[in-house]
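Data first, discussion second: the structure below is written as structure tokens.
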Amino acid sequence: MLFHHIAIDHAALELVQHEIHAHLYGQAHTLGEPVPYRNYVAQARLGVTNKQHEGFFREMLGDVDEPTLPFGLHDVRGDGHGVEEAHQTLPIELSQRLRTQARLQGVSAASLHHLAWAQVLGRLSGRNDVVFGTVLLGRMRGGEGARRALGMFINTLPLRVAVGEQDVRAGVRATHAHLTALLGHEHASLALAQRCSGVSAPTPLFSALLNYRHSSAEAVTGQAVQLWEGIEVRGGEERTNYPLILSLDDLGEGFSLNVQAVAGIGAQRVCAYMQTALESLVHALEQTPQAPLSRLPILPADEREQLLVAFNDTALDYPQQQTIHGMFEAQVERTPEGVAVVHGEQRLTYRELNEQANRLAHALRKQGVQPDSRVGICVERGAEMVVGLLAILKAGGGYVPLDPAYPAERIAYMLQDSAPAAVLAQTATQGLLADVSVPVINLDLSDWQDQSVQNPQVPGLTSAHLAYLIYTSGSTGLPKGVMIEHRNTVNFLTWAHTAFDASALEKTLFSTSLNFDLAVYECFAPLTSGGSIEVVKNVLELQHGEHDIGLINTVPSALKALLEVNGLPESVHTVNVAGEALKQSLVESLFENTGVQRLCNLYGPSETTTYSSWVAMDRDDGFAPHIGKPVGNTQFYLLDEQQQPVPLGVAGEIYIGGAGVA
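So for the sequence shown, this note's numbering puts the first residue at 2; every next one is plus one.
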């Protein structure tokens with residue numbers, strides 16, 4: 002015998018098996034008269050009217066204007082290929098607890114399973130109000146004898162379930178009421194139901210199903226084995242066009258799960274989600290029935306451990322008591338005559354840079370700069386800018402970048418908000434500081450150059466003091482200051498030295514405005530590892546003149562502009578990009594048209610010290626469509642609205658923790 006699902010459903014298949022049993026056992030006379038399928042067709046036509054169906058579904062779905070798409074799955078026209086399948090039997094103790102709670106709550110076991118599946122789908126789709134398809138038996142209102150009829154009776158219809166702040170007990174009762182009401186419309190068409198929602202075709206209203214079915218679990222006796230000898234089930238395969246289906250078999254005492262999911266989702270882990278959701282639900286009904294549904298976990302312990310711990314295994318030793326300028330001074334001791342800064346024809350060795358920065362630092366100390374003092378720096382790009390940055394740090398202060406290219410109003414706001422103890426300027430930029438009431442040191446003048454060249458010793462200065470205060474755009478429309486301490490930056494620089502060795506940082510372009518934290522990497526990562534930095538106005542200057550550069554650090558749009566004019570020097574072997582979305586076409590163009598060997602995509606807000614995650618793409622590997630893994634001593638968490646971790650592969654909001662957080 003060969004059956005197609007279009008002609009026979011699960012209940013009918015069990016009926017066939019029952020009748021075969023009866024014949025094998027010589028009990029055919031106990032079987033009732035067959036019931037024709039046409040009786041069901043007639044009953045379906047004479048039952049609830051389309052107008053009544055429409056009224057019911059408009060009330061249920063009228064304000065639903067977004068589909069429920071777990072994992073973002075939206076293709077409900079699949080052909081059943083490429084499907085993974087997993088089977089799992091629920092522990093008998095859990096099954097018994099579920100039946101006990103169903104009885105105590107006055108609901109069906111099916112209602113508990115529908116609510117648990119709704120919770121799973123809610124977490125997989127990021128929604129507190131979910132819609133999914135439930136496969137109805139189709140025989141409840143199929144007329145007399147419908148349960149004994151062969152044929153295809155089942156029907157898939159949408160069920161809407163709230164899984165937000167509603168408490169557990171109320172959620173159980175509401176789900177039971179909705180499911181009971183839906184059974185009264187089991188012969189309605191799915192197309193009619195979707196038309197009653199705010200989701201317009203061809204967008205699907207849902208992409209996941211629950212098929213709750215009552216199945217027999219008869220013990221296999223020795224007699225049965227004998228009687229069935231020579232008869233075998235050659236195979237069976239159930240497939241639908243939906244990308245995610247849970248078939249739940251009610252075996253009378255226990256329950257079993259069968260999940261079919263498109264490849265890449267992981268059918269077995271969806272089984273685990275469902276079992277965890279059921280465990281959470283029954284535990285809440287037993288212990289905390291007033292708890293909100295949204296707080297019940299669906300993640301198994303092993304996946305939660307993976308998301309929270311294993312993925313964040315980024316431990317990295319770093320000198321927690323060190324300062325940025327302390328790292329620089331240690332490098333000066335190692336390579337005093339190495340070239341540190343290049344600007345046009347100007348060259349400064351590590352010794353020369355350190356001595357100039359020390360002179361200026363002593364001058365700042367005499368102006369009252371001390372640990373946590375803010376010092377503005379409003380200078381043009383050049384070697385003096387680097388001297389100024391190091392001098393502020395050596396004096397114990399935190400630098401406040403004031404880009405001369407910024408509007409005067411923005412500079413005035415940052416000065417007023419940061420309340421600096423002093424400001425570094427040049428003759429060309431002093432006009433922007435006309436209303437400043439604190440000391441202004443003009444780097445173009447020589448009155449600070451007679452100070453000591455010895456490293457300043459600042460009493461009380463620790464790694465917990467301010468290193469810089471950088472202003473971002475801010476969500477209120479006004480610039481927002483982010484205060485980063487030395488220990489934040491020292492951790493970042495230590496990671497940078499492990500991810501980019503000394504040869505990679507040997508010749509680095511310093512092209513980013515100090516007002517953007519990419520500049521922290523460009524300036525200090527090379528200067529604390531023995532490399533040299535070439536200071537330019539911006540990255541597009543590379544298209545003019547000769548530049549002996551190995552690494553550039555920029556944004557994708559600037560890289561694209563460089564490639565369009567063939568402006569990337571042949572010496573560049575490493576390109577870092579950050580601050581914008583990276584497109585595959587740009588990566589392919591870079592590797593195709595240049596000799597660059599490595600492209601790194603870095604991500605992170607200013608509040609987490611420049612970069613928080615990264616991924617390196619080598620020429621042989623090509624494009625990586627993600628932002629990589631956390632940097633050293635940094636943790637990434639993808640959380641939902643309840644600040645709980647979302648399942649792997651589900652969109653969530655990024656939360657960042659660790660040593661880089663301001």
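Don't be surprised by glycine CBs; every beta carbon is placed ideally from N, CA and C.
Problem set entry | Limits of the unbroken alpha helix (DSSP H) element including W118 | Taking the sequence shown and counting its residues from 1, the one referred to as residue 118 is at position 117. Looking at the DSSP string, the run of the alpha helix (DSSP H) that includes W118 is 110-126.
For this session: Mark V283 as exposed unless 16 or more other C-beta atoms lie within 10 angstroms of its C-beta, in which case mark it buried.
Result: Here residue 283 corresponds to residue number 282 of the sequence shown, with the count starting at 1. Buried.
Problem set entry | Whole-angstrom distance between S613 and M275, CA atom to CA atom | As a working mapping, residue 275 is identified with position 274 in the sequence shown. As a working mapping, residue 613 is identified with position 612 in the sequence shown. If I take the Cα positions, the gap works out to 34 Å.
For this session: Could you spell out where the beta strand (DSSP E) holding L554 opens and where it closes?
Result: Numbered from its first residue, the sequence shown carries residue 554 at position 553. The residue you asked about is not Leu; residue 554 is Asn in the sequence shown. Counted as a single uninterrupted DSSP element, the beta strand (DSSP E) harbouring N554 occupies residues 552-555.
For this session: On a CA-only basis, which of D373, D549, S281 is nearest S295? Give me that one, please.
Result: Reading the sequence shown from its first residue, position 294 is the one you call residue 295. Comparing Cα-Cα distances from S295 to each of D373, D549, S281, the minimum goes to S281.
Problem set entry | Rounded straight-line distance, which links the Cα of Q636 to that of G659 | Counted from its first residue, the sequence shown places residue 659 at position 658. Counted from its first residue, the sequence shown places residue 636 at position 635. Rounded to the nearest angstrom, the two C-alpha atoms are 6 Å apart.
Exercise. When we look at the beta-carbon of K508 and count the other beta-carbons within 10 Å, is it buried (16 or more) or exposed?
Worked result: On the sequence shown, position 507 is the one that residue 508 refers to. Flag for K508 reads buried.
For this session: Measuring only between beta-carbons, confirm whether L317 sits less than 7 Å from chain C.
Result: Absent from the structure is chain C; it holds one protein chain and no more.
Exercise. Looking at the unbroken beta strand (DSSP E) that takes in Q89, where does it start and where does it end?
Worked result: Counting from one through the sequence shown, the residue named residue 89 turns up at place 88. Its beta strand (DSSP E) spans residues 84-90.
For this session: Check whether the Cβ atoms of E330 and N456 lie closer than 7 Å to each other.
Result: Here the question's residue 330 lines up with position 329 in the sequence shown. Here the question's residue 456 lines up with position 455 in the sequence shown. It is a contact, given that the beta carbons lie within the stated cut-off.
For this session: Under 8 Å by Cβ, that's how I've got H115 and T135 pegged, so tell me the actual separation to the nearest angstrom.
Result: Locating residue 115 in the sequence shown gives position 114, counting from the first residue. Locating residue 135 in the sequence shown gives position 134, counting from the first residue. Yes, they are in contact, since the Cβ atoms of H115 and T135 sit about 7 Å apart, within 8 Å.
Exercise. Is H177 helix, strand or coil when you go by DSSP?
Worked result: Counting from 1 along the sequence shown, the entry for residue 177 is found at position 176. H177: helix per DSSP, three-state reduction.
For this session: Since I believe D518 is in contact with S607 (beta carbons under 8 Å), could you give me their beta-carbon distance rounded to a whole number of angstroms?
Result: As a position in the sequence shown, residue 607 is number 606, starting the count at 1. As a position in the sequence shown, residue 518 is number 517, starting the count at 1. Yes, S607 and D518 are in contact; Cβ-Cβ is about 5 Å, under 8 Å.
Exercise. How big is the Cα-Cα spacing for Q598 and G265?
Worked result: As a working mapping, residue 598 is identified with position 597 in the sequence shown. As a working mapping, residue 265 is identified with position 264 in the sequence shown. Approximately 31 Å, taken between the alpha carbons.
For this session: Sort V521, S512, E85 by Cα distance to L541 and report the nearest one.
Result: The residue given as residue 541 occupies position 540 in the sequence shown. For L541, the nearest C-alpha among the options comes from S512.
For this session: Hey, could you find the ends of the alpha helix (DSSP H) Q195 is sitting in?
Result: Along the sequence shown, one-based indexing puts residue 195 at 194. Element bounds for Q195: 191-196.
For this session: Within its chain, find whatever has a CB closer than 7 Å to the CB of Q53; leave out the 5 residues flanking it on each side and keep chain order.
Result: Residue 53 sits at position 52 when you count from the first residue of the sequence shown. Result list for Q53: empty, nothing under 7 Å.
Problem set entry | Cβ neighbour criterion (16 or more within 10 Å) applied to P203 | Locating residue 203 in the sequence shown gives position 202, where the first residue counts as 1. The residue is exposed, with fewer than 16 neighbouring Cβ atoms inside 10 Å.
Exercise. Per DSSP, which one or two residues make a beta bridge with V342?
Worked result: In the sequence shown, residue 342 corresponds to position 341, counting from 1. DSSP output for V342 lists L349, I534 as bridge partner(s).
Problem set entry | Proximity below 7 Å, CB of V340 to CB of S533 | Mapped onto the sequence shown, residue 340 falls at position 339. Mapped onto the sequence shown, residue 533 falls at position 532. The answer is yes: Cβ separation under 7 Å.
For this session: Alpha carbon to alpha carbon, how far is A392 from E334? Give it in angstroms, no decimals.
Result: For the purposes of this step, residue 334 is taken as residue 333 along the sequence shown, with counting starting at 1. For the purposes of this step, residue 392 is taken as residue 391 along the sequence shown, with counting starting at 1. Cα to Cα, E334 sits roughly 17 Å from A392.
Problem set entry | Option nearest D64 by Cα separation, candidates I325, T473, Q371, S201 | If you number the sequence shown from 1, residue 64 lands on position 63. Sorting I325, T473, Q371, S201 by C-alpha distance to the C-alpha of D64 places S201 at the top.
Exercise. Beta carbon of L361, beta carbon of W449: below 7 Å?
Worked result: The sequence position of residue 361 within the sequence shown is 360, counting from 1. The sequence position of residue 449 within the sequence shown is 448, counting from 1. A contact, by the Cβ cut-off of 7 Å.
For this session: Run the CB neighbour count on N594, radius 10 Å, all protein chains shown included, and call it buried at 16 or more, exposed below.
Result: As a working mapping, residue 594 is identified with position 593 in the sequence shown. Burial call: exposed.
Exercise. Taking all protein chains shown into account, do 16 or more other C-beta atoms lie within 10 angstroms of the C-beta of S474, making it buried, or fewer, making it exposed?
Worked result: To locate residue 474, count along the sequence shown from 1; it is residue 473. With fewer than 16 other Cβ atoms within 10 Å, it is exposed.
Problem set entry | D641 (DSSP reduced to helix, strand or coil) | Against the sequence shown, residue 641 aligns to sequence position 640. In the structure shown, D641 sits in coil (DSSP, three-state: anything other than H, G, I, E or B).
Exercise. If you count every other CB in all the chains shown that lies within 10 Å of the CB of R366, and 16 or more means buried, which is it?
Worked result: Your numbering for residue 366 matches position 365 in the sequence shown. With 16 or more other Cβ atoms within 10 Å, it is buried.
Exercise. Under the DSSP definition of a beta bridge, which residues are partnered with E654?
Worked result: Counting from one through the sequence shown, the residue named residue 654 turns up at place 653. Note: E654 sits in a beta bridge opposite L640.
Exercise. Any idea if R198 is buried or exposed, counting beta-carbon neighbours within 10 angstroms, 16 or more meaning buried?
Worked result: What you label residue 198 is simply residue 197 of the sequence shown in a count that begins at 1. Just to set this straight, residue 198 is Ser in the shown sequence, not Arg. Flag for S198 reads buried.
Exercise. Counting Cβ pairs, one atom from each stretch, are 3 or more of them under 8 Å apart for the segment 365-379 and the segment 429-444?
Worked result: The segment 365-379 is in contact with the segment 429-444.
For this session: Just tell me which of V651, P290, Y522 has its CA closest to the CA of D168.
Result: Numbered from 1 along the sequence shown, position 167 holds the residue referred to as residue 168. Closest by alpha carbon: P290.
Problem set entry | Buried or exposed by the 16-neighbour rule on C-beta atoms within 10 Å, applied to V310 | What you label residue 310 is simply residue 309 of the sequence shown in a count that begins at 1. Burial call: exposed.
Exercise. Just checking my contact of R214 with S248 at CB under 8 Å: how many whole Å lie between their CB atoms?
Worked result: Position 213 of the sequence shown, counted from the first residue, corresponds to residue 214. Position 247 of the sequence shown, counted from the first residue, corresponds to residue 248. Right, the Cβ-Cβ distance comes to about 7 Å (below 8 Å), so this counts as a contact.
For this session: Could you give the DSSP three-state label for H186: helix, strand or coil?
Result: By 1-based counting over the sequence shown, the position of residue 186 is 185. DSSP places H186 in coil when its eight states are reduced to three.
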